[in-house]
Amino acid sequence: INEMKKIYAALAAILLLSYPVFSQCSSCTTTISSNDANTHVVTSGTTLCIGSNATVTGRIVVSGGTICNQGTIHNQNLIITGSGSTLNNYGTIISDSLLVFKTGAVLNNYGFITDSTISVSAGAFFNNNSGTVTCSVLTDSAATFVNNGNVTVNMDLGNAYNGTFTNNNYMKIGHDFLNGVGAT
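Numbering (my numbering), first residue to last: 1 to 184.
Here's what the structure looks like:
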């Protein structure tokens, strides 16, 4: 029996060590730790942290600041715009429209994104998808999208007008992969 306890303890230690550990949110200016339906505008020099037990249902605009999501964002519109704007998603995003645009805007996904329409444009970066993205339409125009995770596009993926799409892992497109002028 003691030998079995040792084996179970060793297996538990292996499982704990092999479980993915994500960066914790830090330097939070504001932390949301429960349900929140307010509109949030995250400006330069500020960091909005969404805790693992929180759900944000209000509109979010990141304009120069940072969001660190470890909980759930479940809203209609999520906008990341302009230089210095960053969203690091370790949790879940469920949205009708996710827009990452203007030079320097960055979305890093390590969690789950379920969206109707995702648009990345005008010098923005969906820089690191190491998580799972499921959407109806994904468009990339004069921007960069790098997939190291799993992407399922139920309808069309539009890589247009000097957009760069790099796929390093699983990808499924339900209808068309549209590659426009100057796109790679």
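Just so it is clear, CB atoms sit at the ideal spot from N, CA and C, and this is done for glycine as well.
Out of curiosity, what's the CA-to-CA distance linking residue i and residue j?
{"i": "T164", "j": "N154", "result": "20 Å"}
{"i": "A183", "j": "G123", "result": "13 Å"}
{"i": "G149", "j": "N129", "result": "5 Å"}
{"i": "G88", "j": "A160", "result": "Note that residue 88 is Asn in the sequence shown, not Gly. Going from the Cα of N88 to the Cα of A160 covers about 25 Å."}
{"i": "H175", "j": "I67", "result": "32 Å"}
{"i": "L138", "j": "L157", "result": "5 Å"}
{"i": "Y90", "j": "I60", "result": "17 Å"}
Select from the options the residue whose C-alpha is nearest the C-alpha of residue i.
{"i": "G45", "options": "V62, N38 and T39", "result": "V62"}
{"i": "V133", "options": "I93, I60, I32 and S34", "result": "I93"}
{"i": "S33", "options": "T57, S116 and G180", "result": "T57"}
{"i": "V187", "options": "A143, G158, L48 and I173", "result": "One cannot answer for residue 187 here, as it falls past the ends of the chain, which runs 1 to 184."}
{"i": "F125", "options": "F177, I60, I80 and Q70", "result": "I80"}
{"i": "N75", "options": "L178, T114 and N169", "result": "T114"}
{"i": "C25", "options": "N69, R59 and M171", "result": "N69"}
{"i": "I118", "options": "G91, Y90, Y110 and V151", "result": "V151"}
Please classify residue i as buried or exposed, where buried requires at least 16 neighbouring CB atoms within 10 angstroms.
{"i": "T30", "result": "exposed"}
{"i": "A37", "result": "exposed"}
{"i": "S27", "result": "exposed"}
{"i": "D140", "result": "buried"}
{"i": "L98", "result": "buried"}
{"i": "Y19", "result": "Here Y19 scores only 35 on pLDDT, less than 50, and its place in the model should not be relied on; the value that follows carries that caveat. Exposed, since its Cβ has fewer than 16 Cβ neighbours within 10 Å."}
{"i": "N35", "result": "exposed"}
{"i": "H40", "result": "buried"}
{"i": "V181", "result": "exposed"}
{"i": "F145", "result": "buried"}
{"i": "N169", "result": "exposed"}
{"i": "N167", "result": "exposed"}
In the structure shown, what three-state DSSP assignment does residue i receive?
{"i": "D156", "result": "coil"}
{"i": "C28", "result": "coil"}
{"i": "Y170", "result": "strand"}
{"i": "N179", "result": "strand"}
{"i": "S85", "result": "coil"}
Can you check whether the CB of residue j is closer than 7 Å to the CB of residue i?
{"i": "F214", "j": "S121", "result": "As displayed, the chain neither begins before 1 nor continues past 184, which places residue 214 out of reach and without an answer."}
{"i": "S83", "j": "G104", "result": "yes"}
{"i": "T86", "j": "T72", "result": "no"}
{"i": "L78", "j": "S52", "result": "no"}
{"i": "T47", "j": "G64", "result": "no"}
{"i": "N127", "j": "N147", "result": "no"}
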